[in-house]
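Here is the structure we will look at, set down as C-alpha cells.
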Amino acid sequence: MKIREVGEFALLDRLSRIIALPGDEVIIGIGDDAALWKGSSFALATTDSLVAGVHFFMDDLSFREVGSKSILVNVSDIAAMGGIPKYALISLSLSPEMEFCEVEELGEGISKVCSALGISIVGGNLSSCPTLVVNVTLIGEAKDEKVLTRRGARVSDLVAVTGYLGLAGGYRRLKSEIHNLDLRIRSILRQAFACPKARILEGRMLCESGVRAAIDVSDGLVQDLSHICEGSHLGAIIMIDRLPLHPEVCEFLTAEDALYGGEDYELLFTAPPQLMPALEQRLPCPLTVVGRMVEDHPGEIILLDGKGNRLPHLRSGWDHFAHPNLKP
242 MKIREVGEFA
252 LLDRLSRIIA
262 LPGDEVIIGI
272 GDDAALWKGS
282 SFALATTDSL
292 VAGVHFFMDD
302 LSFREVGSKS
312 ILVNVSDIAA
322 MGGIPKYALI
332 SLSLSPEMEF
342 CEVEELGEGI
352 SKVCSALGIS
362 IVGGNLSSCP
372 TLVVNVTLIG
382 EAKDEKVLTR
392 RGARVSDLVA
402 VTGYLGLAGG
412 YRRLKSEIHN
422 LDLRIRSILR
432 QAFACPKARI
442 LEGRMLCESG
452 VRAAIDVSDG
462 LVQDLSHICE
472 GSHLGAIIMI
482 DRLPLHPEVC
492 EFLTAEDALY
502 GGEDYELLFT
512 APPQLMPALE
522 QRLPCPLTVV
532 GRMVEDHPGE
542 IILLDGKGNR
552 LPHLRSGWDH
562 FAHPNLKP
C-alpha cells in the first residue's frame, strides 16, 4: 500500500507508535507543537541529514539501515565532543509513492538504535518530497563545559584515531565488484558503511582523561583534521604507513581510502604524548597514533611516507557542493 493511500495523519499515528521512546525526563513528547523536558546539565545539539541519491542509493541500504544510520551519524557528532545523546527530533521527507511497509521499516530502524543507545524520540515532522530525506536533530548532554572541540589542539600533541579507517570509502569504491570478494570481506566493508560504530563511551573516556581536541571522521581524515588545524591555528604531520587499516581487508584498501574516503565516523583526536599510553590501555577499541601537531604550516596537513618523504595530496575530502551526488 502506498503512503498516499494511507494519508499523513494515519502514517504519523503509525510512526508514533513505532518510534515513540519517551524518557523519564520527558514531560511532553510526540503529539504536541514542541517537546518539553527538564534537564540539569550542559546541552549539546547537532543536526544532519541522509538524502537518497546524495549520501546513499537504495541499493546500498535497506530502509531499516537508513533509519539506524540517520541516528548514528548524529550520535557521532555528540560523541566527538565527549557528550551523551539524549533526545532526538526526526523529520522525514517521503515520496507519496513509497510503500507503507517501507516507512514502517525506516521507523523500526530509527527506534531500534535509539532504544539501544537510550535516546528519547520527542518529536519530528512529515513532508512530501520526490526523494527520501531523513533529517535528525539530536540533543545531548555534557558533564560540564570542558568538552572536546576543534580548537583544543596544542603544539606537539599526537594525532590519533579510534578503530579503522577507509572501510566505508573502500565499500563505495569496490561496490561494483564487491560480489567477487569473499563473503567475510564483503560483510566487513558493507557493515562499516551501513552501520558505523557509536563511539559514545570512547568520547567520554577521552574527555575524562584530559583530551581537549577531537572531531569525528565523517568527511575523511585529511578533511576533518584540517578543521582541527584551522580551529587550533596549527599544522599537522601524518605518517601514512601508520594509518589503521582493518587487518582482514587491508589488501583491498589503499591509503587514499583511509585519508579521503570519509564516513568512518571514528574519533580523530589530539593529545599530549604522556596521555597516550593510558588511553591505549583504557579505550575499548583499537587506538592508533598517526601523526603529530606542529607549529609550522598552520592549517596545512603534511603527508609523509615511511622514509620521511613528503607526499602530494591526491584529492580533498567530501564536499557537498563539489560532489553534488554519489554517482561517478
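Residue numbers (our numbering): 242 to 569.
The beta carbon of each residue, even a glycine, is placed where N, CA and C say it ideally should be.
The model shown is predicted, which means the values in this text are computed figures rather than measured ones.
Check                                                                                                                                                                                   : Outcome
Can you give me the Cβ contacts of P569 inside the same chain, cut-off strictly under 7 angstroms, excluding the 5 residues immediately before and after it?                            : Because the pLDDT of P569 is 37, which lies under 50, any placement of that residue in the model is unreliable, and the question is left without a value.
Do V400 and L508 count as a contact pair if the criterion is CB distance below 9 angstroms?                                                                                             : no
Considering only residues of the region 362-416, which uninterrupted alpha helix (DSSP H) runs meet the minimum length of 4 residues and lie entirely inside it, listed in chain order? : 408-415
Identify the continuous alpha helix (DSSP H) that holds S317 and give its terminal residues.                                                                                            : 304-320
In or out: N550 buried (at least 16 other Cβ within 10 Å) or exposed?                                                                                                                   : exposed
Mind checking R391: buried by the 16 CB within 10 Å criterion, or exposed?                                                                                                              : buried
In terms of residue numbering, what span does the alpha helix (DSSP H) encompassing R245 cover?                                                                                         : 244-247
Write down the C-beta distance between G476 and H538 rounded to the nearest angstrom, noting that I regard them as a contact closer than 8 angstroms.                                   : 4 angstroms
So what's P326 in DSSP terms, helix, strand or just coil?                                                                                                                               : strand
Put V490 into one of helix, strand or coil per three-state DSSP.                                                                                                                        : coil
By Cβ distance, which residues of its chain are closer than 8 angstroms to K416, with the 5 residues on each side in sequence left out?                                                 : D301
What did DSSP end up calling R533 once you bin it into helix, strand or coil?                                                                                                           : strand
Do L373 and S317 have their C-beta atoms within less than 9 angstroms of each other?                                                                                                    : no
Give me the Cα-Cα distance between P337 and V344, rounded to the nearest whole angstrom.                                                                                                : 11 angstroms
Quick check: I325 and R445, are their CB atoms within less than 9 angstroms of each other?                                                                                              : yes
Looking only at its own chain, which residues have a Cβ that is under 7 angstroms from the Cβ of G323, when we skip the five neighbours before and after it?                            : A383, V388, L389, G444, R445, L447, C448
Alpha carbon to alpha carbon, how far is G364 from G248?                                                                                                                                : 19 angstroms
Beta carbon of R523, beta carbon of S473: below 9 angstroms?                                                                                                                            : no
Rounded to whole angstroms, how far is the Cβ of I543 from the Cβ of I478, which I believe are closer than 8 angstroms?                                                                 : 5 angstroms
Identify every residue that forms a DSSP beta bridge with M299.                                                                                                                         : Its beta-bridge partners do not exist; DSSP assigns none.
With burial defined as no fewer than 16 other Cβ atoms inside 10 Å of the residue's Cβ, what is the status of T287: buried or exposed?                                                  : buried
If I follow the unbroken alpha helix (DSSP H) through G461, where does it start and stop?                                                                                               : G461 -> no alpha helix (DSSP H), and no H or E assigned at all.
Of all the options A519, I260, E497, which has the alpha carbon lying nearest to the alpha carbon of C355?                                                                              : I260
What residues in its chain sit with their C-beta under 6 angstroms from that of C370, if we drop five residues either side in the sequence?                                             : S334
Of all the options D398, L285, R245, which has the alpha carbon lying nearest to the alpha carbon of Q515?                                                                              : D398
My assumption, with CB atoms under 8 angstroms, is that G411 sits in contact with F298. Please give the rounded CB distance.                                                            : G411 to F298, Cβ: 17 angstroms. No contact.
Work out the CA separation of E340 and R556 for me, nearest whole Å.                                                                                                                    : 40 angstroms
Could you tell me how far apart the beta carbons of S311 and N366 are, in whole angstroms, since I believe they sit closer than 8 angstroms?                                            : S311 to N366, Cβ: 14 angstroms. No contact.
DSSP three-state label for D289, please.                                                                                                                                                : strand
For the beta strand (DSSP E) that A512 lies in, which residues bound it at each end?                                                                                                    : 508-512
Does the beta-carbon of L552 have 16 or more other beta-carbons within 10 angstroms, so that it is buried, or is it exposed?                                                            : exposed
Cα-Cα, which of I351, P513, C491, D465 is closest to L430?                                                                                                                              : C491
I need the boundaries of the alpha helix (DSSP H) containing V452, first residue and last residue.                                                                                      : It is not in any alpha helix (DSSP H) - V452 carries neither H nor E in the DSSP assignment.
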